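Trainee: Sharing a structure with you now.
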Amino acid sequence: MPDDPNKNNVAWPTPGPNEPVPAWDEYLQLRDAVHDYLDHEPDDPAWSDIWQAFGAILGEYQRDAFVDAFGVDEPAEKPCIRRLITGEESCPHSVPQPDDDPDGPPHSPPASDHATLWLDEGEPAVYSMHVYPGNIERLDAHEPPYNLWFDLFEFASEWGLELSILPKSWYNLGSTVHVIFYPPERYR
Numbered sequence: 061m062p063d064d065p066n067k068n069n070v071a072w073p074t075p076g077p078n079e080p081v082p083a084w085d086e087y088l089q090l091r092d093a094v095h096d097y098l099d100h101e102p103d104d105p106a107w108s109d110i111w112q113a114f115g116a117i118l119g120e121y122q123r124d125a126f127v128d129a130f131g132v133d134e135p136a137e138k139p140c141i142r143r144l145i146t147g148e149e150s151c152p153h154s155v156p157q158p159d160d161d162p163d164g165p166p167h168s169p170p171a172s173d174h175a176t177l178w179l180d181e182g183e184p185a186v187y188s189m190h191v192y193p194g195n196i197e198r199l200d201a202h203e204p205p206y207n208l209w210f211d212l213f214e215f216a217s218e219w220g221l222e223l224s225i226l227p228k229s230w231y232n233l234g235s236t237v238h239v240i241f242y243p244p245e246r247y248r
């Protein structure tokens, strides 16, 4: 665990919420378990990142919370955003052949990674993707695009979709951001 920065009388920003008062037993157990985890040296160094451990523990919970919050039933066979835009029953894109409609909606938005097209009663409802900010904010790129966030918003505007950025992603919790596209009328 890092040393307390305030011991040098430095005014650091608040880290967030304070502990509950009074703290209940389960909270204290969780707090102690987190501190113990941060203080240990795992056999596999990849697991020294507590967010990886949280992801393994909370990933399914986060996914199920998303499904409940957005009222979706199941994932589509293929994550095709064109289906969300046009309402088509299946993905018209074929991997071996180029898109036969270059002016129509594409198969995926810019920067798509770990994508899912979610259905509600069999109909396309929400397109979600879990992106690594470093793959979006390519600030060290030598040529454009340097920041694909603008491209994502332009894509949504061009195809008449809303875009939301959810900080809690169940895919690699703590390392990815959850980006969702949906028709404006869905949640109004």
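Quick note: the sequence shown uses the numbering used here, first residue 61, plus one each step. For glycine and all other residues, C-beta sits at the position ideal for the given N, C-alpha and C. What you are looking at is a predicted structure, and each value in this text was computed from that prediction instead of being measured.
1. Please state whether DSSP places glutamate 134 in a helix, a strand or coil.
2. If I measure Cβ to Cβ from leucine 226 and keep anything under 6 angstroms in the same chain, skipping five residues before and after, which residues do I get?
3. Between which two residues does the beta strand (DSSP E) containing proline 184 stretch?
4. DSSP on tryptophan 230, reduced to helix/strand/coil?
5. Could you compute how far the alpha carbon of aspartate 173 sits from the alpha carbon of asparagine 69?
6. According to DSSP, what are the bridge partners of valine 239?
7. Would you grab the beta carbon distance between leucine 212 and proline 170 for me? Rounded to a whole angstrom, and I think it's under 8 angstroms.
8. Identify which residue in Glu183, Gly194, Phe126, Asp128 has its Cα closest to the Cα of serine 150.
9. What does DSSP give as the partner residue(s) for aspartate 180 in the beta ladder?
10. State the Cα-Cα distance for the pair leucine 199 and glycine 234, rounded to the nearest angstrom.
11. Check each candidate in Gln122, Ile110, Asp109 and name the one with the smallest Cα separation from tryptophan 230.
12. Of the choices Ile117, Glu197, Asp103, Pro75, whose alpha-carbon is the least far from that of leucine 90?
13. Less than 9 angstroms separating the beta-carbons of isoleucine 141 and proline 166?
Mentor: Looking at the coordinates:
1. Taking the first residue of the sequence shown as 1, we reach residue 134 at position 74. Three-state DSSP puts glutamate 134 in a strand.
2. Walking along the sequence shown from the start, residue 226 turns up at place 166. Here leucine 226 has His238 as same chain residues with Cβ atoms under 6 angstroms from its own Cβ, once five neighbours each way along the sequence are excluded.
3. In the sequence shown, the residue the question calls residue 184 occupies position 124. Counting along the chain, the beta strand (DSSP E) containing proline 184 begins and ends at 183-191.
4. In the sequence shown, residue 230 corresponds to position 170, counting from 1. Residue state for tryptophan 230 is assigned as coil, using DSSP reduced to three classes.
5. Position 113 of the sequence shown holds residue 173. Position 9 of the sequence shown holds residue 69. Approximately 43 angstroms between the Cα atoms of the pair.
6. Counted from its first residue, the sequence shown places residue 239 at position 179. Residue pairing by DSSP places valine 239 opposite Met189, Ile225 in a beta bridge.
7. As a first step, residue 212 is located in the sequence shown; it is residue number 152 there, counting from the start. As a first step, residue 170 is located in the sequence shown; it is residue number 110 there, counting from the start. The pair is a contact, with the Cβ atoms about 6 angstroms apart (cut-off 8 angstroms).
8. Translated into positions along the sequence shown, residue 150 becomes position 90. Of the candidates Glu183, Gly194, Phe126, Asp128, the residue whose Cα lies closest to the Cα of serine 150 is Glu183.
9. Residue mapping note: residue 180 aligns to position 120 of the sequence shown, counting from 1. Paired residues: Glu183.
10. One-based indexing of the sequence shown puts residue 199 at position 139. One-based indexing of the sequence shown puts residue 234 at position 174. Each residue's Cα considered, the two are about 20 angstroms apart.
11. Against the sequence shown, residue 230 aligns to sequence position 170. Looking at the Cα atoms, Gln122 is the closest of the given residues.
12. Position 30 of the sequence shown holds residue 90. Nearest neighbour of leucine 90 by Cα position, chosen from Ile117, Glu197, Asp103, Pro75, turns out to be Ile117.
13. By one-based count along the sequence shown, residue 141 stands at place 81. By one-based count along the sequence shown, residue 166 stands at place 106. Going by C-beta atoms, isoleucine 141 is nearer than 9 angstroms to proline 166.
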